[in-house]
Structure formats: C-alpha cells, structure tokens
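Take a look at the structure set out below.
Protein chains: 2
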Amino acid sequence: MGRVSDAKEKLMKAVTELIWTGSYGSTTIDQICERAGVKKGSFYYFFDSKAALAEEAIESAWEEFRPKLDRVFSPSLPPLERIHRFCEFEYEEQLGLQREFGHVLGCPLCTLGTEVSTQEAGLRQKVEDIMDQSRKYLETTIRDAHAEGVIRAPDAAAKARTIYAFSEGLMTQARIRNDAEVLREMERGILDLLGAKSVEAVAA
Amino acid sequence: MGRVSDAKEKLMKAVTELIWTGSYGSTTIDQICERAGVKKGSFYYFFDSKAALAEEAIESAWEEFRPKLDRVFSPSLPPLERIHRFCEFEYEEQLGLQREFGHVLGCPLCTLGTEVSTQEAGLRQKVEDIMDQSRKYLETTIRDAHAEGVIRAPDAAAKARTIYAFSEGLMTQARIRNDAEVLREMERGILDLLGAKSVEAVAA
DNA sequence: GCGTTAGTGGACTATTTAGTCAACAATAAA
DNA sequence: TTTATTGTTGACTAAATAGTCCACTAACGC
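Protein chains in written order, with numbering that gives the first Met the number 0: chain S, 0 to 203; chain L, 0 to 203.
See the structure below:
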C-alpha cells in the first residue's frame, strides 16, 4: 500500500551528522534536506519540526549504537576488562571521527543535551532518557565488580553516575580541545573512582 | 575625547546571559541588542560579528569571575579545604542560577565550547585558553596537597586535567538534567581521584 | 486498469536575520 | 565657540529560513 521511501531514514542520518559535526542551532532544515537529498515538502510530511526530527534521530542512532556497547560490556568479560575495553573503544572511536571529519566530536548526546537543555524540553528529556540507559552498562559492570570483590561499591548506581559524568567530561574536553589524547586518562581516572588498583599495580 | 558609552559592556553582559541561559547558535544579534538596550548600528560600531562579541564577552566574564575563585582557592587554606569550598561554591552557584533563571545552567565555558568548537576557531581557542587558566587553581591545590603529603600526586598537572574534566562533566550533567543535586557527588569523586581519604574517614 | 494510500517536488509566502549607511548627538580639547 | 572625535539612531537592503500548498507520482490490492 502506497509509495515506499527511505527519506525518513535519510533525514535522520543527515541531522545526526550535522548536529554532531556542528551544532543543533546552526543546522537549518534546508541544510538537512540538502544533505539527505530530500525536498522540504517531504521533510514536513514526516516531521513537524527540527526538534521532532532530532528526537527520533537520536533515538534511532542510539538503537544503532547499542549493539556496540553490548559487545564492549559483555557480561562474559571480567568487569575491569569491560572498563578497559570501554575506554579503548571511546578513544578509538574519537580517533576515527577525527580522521573522517577532521575533528574530535565527543559524545553527541552531551553536545546536543548541553545545547538544548534550557530550550527544547522534549529533546532534553530524550537525551536524559538515553543517558540513563547507557549509564546502565556502567552500573551493571560496577555491581559485578563489587560482587566479585574486585572493588568496594555498595551503591553501584551512584558510582555509575559519577563515572558516567567523568567519562562524558573527558569526551567534552576532547571535543573542545580537538584532541583525542585527552581520553587516555579515562581508564586511570575510572579506576581511581572505583578505588581499584591500577593495571600496573596489579601486575607488579 | 568624544562621546562616552557603556554600550560595549551592556552588549557583553547581554550575550553572556543569552548564551548561558540558552545557546550561542540560538541567540541572534537582534536579541542581544534588544536585551542590551542598544541599537544594531552601535553593535556593529563595536564588534564585527557575534563571534567577536562572544570572544570579548567571555574574556570579560572570566575577569569578573576570577576573584571569586581566588577566594575559594586561597593558598592560606589547607588544600583539601580549598577543594571542599570549591565543591560547595559550585553547588551553591548552580542553586542560585536555578532560582534566578529557573534552570541549572552549568558552566558557560563548557556550554559554549562544546557548541562552537567545530565551527568557530577563534572562540574555541579562547575557551580553551580560559579553561587552561582556571585549571591552574586545581593544579596549585594538588601540588600543595602533594607537598604536604596529604595525597600522592607527582604529576599535579595531569591530576588537575582529570579532576577538571570530572567537575565539568558533573556540571554538564547538572545542566542537562536540570538538577543541582548531581553536584553533591563532586567532592567525593574528586577525593577518590586524588586518592585522598574521605572527610568522614578522616574524622573516624 | 482502477482506486486508494503513501510519498514527492517545487514553487510560493511570510518572517527573521545579518549587515549597511548617513545624518545626528555628545564630549572634550583648542 | 569651533572643531575633531566618538558614539547613536533608525531606516534600509539583501539574504536566509521556516513553513505551506497542491498537483503529481509510485506502489499495491482489487
């Protein structure tokens, strides 16, 4: 029934890239349409506004991103190994982005959330929701580490909030300074926040 | 000689507030002029562009902010007391902003830096410079703490970078979630990153 | 093929925005 | 008081932008 189209997907992909490589406020609907190869009439056929598109777009991007985190945070791995892989993953991802776009881009959720939080209630809430979900990876890991006695963290949720803020803080610094090397401090910092011995200390 | 004016200052104040309570991209030159009570002709008399104004404005805001940090980080205080006061200060400031503007606003440097880093090279650099300066407060404190033997931190600059990223990360979370309570985790986290005993642990 | 539904194109309007300009107004030195 | 300098004003243009509208096209069931 009816005509088929991938315009919706193309628009979501376009806006995600534009926000990430630039900013929400500076990307216009015309720009989004042009990059997606979609006419404005079609844009308004699918979405009411830029904000509505952005909301669906980050949800969709999150769904695509999730499997990667599933691999990084596989419960089959020892908790601290998950942390290690997470830090590696973030670093490598930003290096790739820098190669591809000529700039370290940091975390798109953080970028978008920071920018719109006072102005776009719906978007802000969406960002918060996704952040809550992604923080769960850390929380589970911390709970496992505590259960194994590798660290002491009776309140895994609280520790996860702290560590999440720290990792996002580093990502933000990496974006602002356009320097992925900043992220090399991530694992050391997380282990400190966990009260865990460092990899080197364990080896020694 | 010539006519006197405070239009420049009014414009800088207006843009700072607009960026902080909203965002850089969404504030227009007309809006800035209106809030400052200054006509556009005067705007262009003093500044070439919004970016040029923003650059001068954050420099000026930083000069105004610095004395507050000087008090918080007074070398006359024990290092960990400075950290304590810093965390209190950040928390109280955000509470005040929430009361005044109806929203937790986080750190203006971070907000602006994140938004423009890929698009406005001059502004990005300015933000980086000011961040470097403000990080020095932490660095000095850490160096002092190390010298006093309260913590072990042979590389004070590196620790300062880590802790700065963490505190900015929490501020960003506070803005995105519109919740200053997030900041209550700051001191605990910083002490963990420093490898210092907690206040409670010391008391016990 | 026919009708129904889903999507497209592109021309159109109205508004907002950036940026310009020249006449005017205030200050202070001569 | 004259004059040079500094800042102000508001009207102006050109461009960018959001949003609308409707005739048209593609897919599919019948």
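Glycine is no exception: its CB is placed at the ideal position from the N, C-alpha and C atoms.
Straight-line Cα distance separating residue j from residue i
i	j	result
I18(S)	P107(S)	8 angstroms
W61(S)	G95(S)	18 angstroms
F42(L)	V115(S)	26 angstroms
L111(L)	S22(L)	7 angstroms
V149(L)	A195(L)	7 angstroms
P153(S)	R160(S)	13 angstroms
H83(L)	L122(S)	34 angstroms
D143(S)	E180(L)	27 angstroms
A203(S)	A155(L)	No answer about A203(S) holds up, because its pLDDT of 47 lies below 50 and its placement is not dependable.
K125(L)	S25(S)	20 angstroms
A50(L)	Q30(S)	21 angstroms
T20(S)	M185(L)	30 angstroms
K39(S)	D47(S)	11 angstroms
V37(S)	L52(L)	36 angstroms
F145(L)	L193(L)	The sequence given here places His at residue 145(L); Phe does not occur at that position. H145(L) and L193(L): Cα-Cα distance of roughly 10 angstroms.
E16(L)	M0(S)	52 angstroms
R98(L)	E91(L)	11 angstroms
Nearest residue (CA-CA) to residue i, options the options
i	options	result
A164(S)	R176(L), F72(L), K158(L), P153(L)	R176(L)
S59(L)	A159(L), E91(L), V14(L)	V14(L)
G105(L)	L76(L), A51(L), S75(L), L169(L)	L169(L)
M130(S)	R65(S), G194(S), A144(S)	R65(S)
G188(L)	R183(S), I162(S), T113(S)	I162(S)
D178(L)	A35(L), E89(L), K49(L), D47(L)	E89(L)
I141(S)	S133(S), T171(S), A120(S), L79(S)	L79(S)
R174(L)	Q132(S), E127(S), R2(S)	E127(S)
Q132(L)	D69(L), E180(L), Q118(L), L193(L)	D69(L)
Q204(S)	G1(S), M0(S), S75(S), R183(S)	Absent from the structure is residue 204(S), since the part of chain S shown begins at 0 and ends at 203.
K7(L)	E119(L), R34(L), K67(L)	R34(L)
E76(L)	T26(L), A50(L), T139(L)	Checking the sequence shown, residue 76(L) turns out to be Leu, not Glu. For the residues T26(L), A50(L), T139(L), the minimum Cα distance to L76(L) belongs to T139(L).
V118(L)	F100(S), C86(S), E119(S)	Per the sequence presented here, residue 118(L) reads as Gln, with Val not at that position. For Q118(L), the nearest C-alpha among the options comes from F100(S).
E167(S)	T113(S), D191(S), L193(S), H145(S)	T113(S)
E55(S)	K12(S), R151(S), V3(S)	K12(S)
I57(S)	P74(S), C109(S), F85(S)	C109(S)
Below-8 angstroms beta-carbon distance, residue i vs any chain S residue
i	result
A205(L)	Residue 205(L) is absent from the model: chain L starts at 0 and stops at 203.
S48(L)	no
R160(L)	yes
T27(L)	no
H102(L)	yes
S22(L)	yes
G40(L)	no
Residue-level contact to chain L via CB, residue i, 8 angstroms cutoff
i	result
R34(S)	no
R70(S)	no
L94(S)	no
D191(S)	yes
T15(S)	no
G1(S)	no
G194(S)	yes
query: the region 163–188 of chain L: which residues have C-beta closer than 8 angstroms to a C-beta of chain S, in chain order?
result: Listed by position, the residues of the region 163–188 of chain L near chain S (Cβ gap below 8 angstroms) are Y163, A164, F165, S166, E167, G168, L169, T171, Q172, R174, I175, R176, N177, V181, E184, R187, G188.
message: Residues of the region 106–139 of chain L in Cβ contact with chain S at a cutoff of 8 angstroms, in chain order, please.
response: Taking 8 angstroms as the cut-off between beta carbons, the residues of the region 106–139 of chain L near chain S are C109, T110, G112, T113, E114, V115, S116, T117, Q118, R123, V126, E127, M130, in sequence order.
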